[in-house]
Amino acid sequence: MSDQLRVDRGSVQQHVDDTRSTMSNFRDAGDGADRQQAHLQNQMEGGVGSDLQAAQRASTRHHGEEIDTNVNKLAGKTSENTDEFISNVRNAANKSLRTIN
1 MSDQLRVDRG
11 SVQQHVDDTR
21 STMSNFRDAG
31 DGADRQQAHL
41 QNQMEGGVGS
51 DLQAAQRAST
61 RHHGEEIDTN
71 VNKLAGKTSE
81 NTDEFISNVR
91 NAANKSLRTI
101 N
């Protein structure tokens with residue numbers, strides 16, 4: 001019985017791509033909500049609560065941008081860590097094989 005370790009770089013990349021795709025869908029939904037908020041704000045421009053509506057809209061946009069940035073950082077870091085892990089496993093396996101031969 002032999003021990004095996006298989007790391008499929010393609011599956012990790014697929015996961016990273018899926019994460020970015022999901023974030024894109026959230027961003028699109030956020031843009032739609034932002035358009036609706038802008039429409040409501042324009043309707044109540046200068047009326048009671050318009051300042052509060054503008055502040056809420058700015059806060060929502062800021063949170064959306066922050067989430068987007070963090071998802072991209074996480075996806076990039078996942079990809080980098082996977083490459084590093086695969087490289088380390090490959091190097092360790094090569095050293096072990098050289099020792100046996």
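Following UniProt numbering, the residues of the sequence shown are numbered contiguously, the last one being 101.
A virtual CB, placed ideally from N, CA and C, is assigned to each residue, including glycine.
Since the structure is predicted, the reported quantities are computational estimates derived from the model, not experimental observations.
Nearest-angstrom Cα distance between residue i and residue j?
i, j, result
"Leu40", "Ser11", "43 angstroms"
"Glu65", "Asp8", "31 angstroms"
"Ser21", "Val71", "11 angstroms"
"Gln43", "Ser59", "20 angstroms"
"His62", "Lys73", "17 angstroms"
"Asn81", "Gly49", "48 angstroms"
"Asp17", "Gly47", "44 angstroms"
Is the beta carbon of residue i sitting closer than 8 angstroms to the one on residue j?
i, j, result
"Ser87", "Gln13", "no"
"Asp31", "Arg57", "no"
"Asp51", "Met23", "no"
Take residue i and list the residues in its own chain whose beta-carbon comes closer than 7 angstroms to its own, dropping the five residues that flank it on each side.
i, result
"Thr19", "Val71 and Ala75"
"Ala54", "Gln41"
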